[in-house]
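Colleague: Residue numbers (the working numbering): 249 to 360.
Heads up, the beta-carbon is just placed ideally off N, CA and C, and yes, glycines get one too.
For clarity, every value in this text was computed on a predicted model and none was experimentally measured.
Input: one structure, supplied below.
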Amino acid sequence: MAQILKFPTKKIEPVTVRGGSKHRISVEVRDDVRPRRTRWRVQFEIQEAAGFAALKGFTDRAVAQGYRHRFQVSSTRAVRRFVAETSGLVAVGRIAIWIDGLKVQSQVARSA
249 MAQILKFPTK
259 KIEPVTVRGG
269 SKHRISVEVR
279 DDVRPRRTRW
289 RVQFEIQEAA
299 GFAALKGFTD
309 RAVAQGYRHR
319 FQVSSTRAVR
329 RFVAETSGLV
339 AVGRIAIWID
349 GLKVQSQVAR
359 SA
């Protein structure tokens, strides 16, 4: 006789970015193996989304000390683009992102 196993399901709510301007984004680099490379990849996306002024204080030393970098983005489109470009790093756990105080979580990839 077979027994049906029930596994707990984890429902992940998508992050809804409110419309309007002035979104506050926080990024924390959690990569223990190559934090410099991860910071550099995130730095490129930050400058694309918010400009070079948003990079002030985002250094290798700050990342090594566990600093959570905060910056503002002026449009919802830029926030969505930033999340789309950094979603791979979030999925593997190299960075953590908070948008307007809500943590961005990767969606669970399902395979048949």
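#1: For G267, which residues of its own chain have a beta-carbon under 6 Å away from its beta-carbon, when the five flanking residues on both sides are left out?
#2: Taking 7 Å as the cut-off, decide whether the C-beta atoms of R284 and D308 are in contact.
#3: Unbroken beta strand (DSSP E) runs of length 3 or more, entirely within the segment 293-328: which are they?
#4: Return helix, strand or coil for S274, following the three-state DSSP convention.
#5: Mind checking V340: buried by the 16 CB within 10 Å criterion, or exposed?
#6: Would you list the residues sitting across from A344 in a DSSP beta bridge?
#7: Which residues does DSSP pair with L350 in a beta bridge?
#8: Can you tell me whether S335 is helix, strand or coil according to DSSP?
#9: When you compare only the Cα positions, how much space is there between Q291 and D279?
#10: Quick one: what's got a C-beta closer than 6 Å to K351's C-beta in the same chain, skipping five residues either side?
Modeller: Working from what's here:
#1: For this step, residue 267 is matched to residue 19 along the sequence shown. If we look at G267 and ignore the five residues flanking it on each side, its Cβ neighbours are T324.
#2: For the purposes of this step, residue 284 is identified with residue 36 of the sequence shown, where counting begins at 1. For the purposes of this step, residue 308 is identified with residue 60 of the sequence shown, where counting begins at 1. Yes, the Cβ-Cβ distance between R284 and D308 is below 7 Å.
#3: 316-321
#4: Reading the sequence shown from its first residue, position 26 is the one you call residue 274. Strand at S274.
#5: Here the question's residue 340 lines up with position 92 in the sequence shown. Result: exposed.
#6: Stepping through the sequence shown from its first residue, residue 344 is reached at position 96. A344 is bridged to E276.
#7: Here residue 350 corresponds to residue number 102 of the sequence shown, with the count starting at 1. Answer is I347, bridged to L350.
#8: For the purposes of this step, residue 335 is identified with residue 87 of the sequence shown, where counting begins at 1. Here S335 sits in helix by DSSP.
#9: For the purposes of this step, residue 291 is taken as the residue at position 43 of the sequence shown. For the purposes of this step, residue 279 is taken as the residue at position 31 of the sequence shown. Q291 and D279: Cα-Cα distance of roughly 14 Å.
#10: Along the sequence shown, one-based indexing puts residue 351 at 103. For K351, where only same-chain residues beyond five positions count, there are no Cβ hits under 6 Å.
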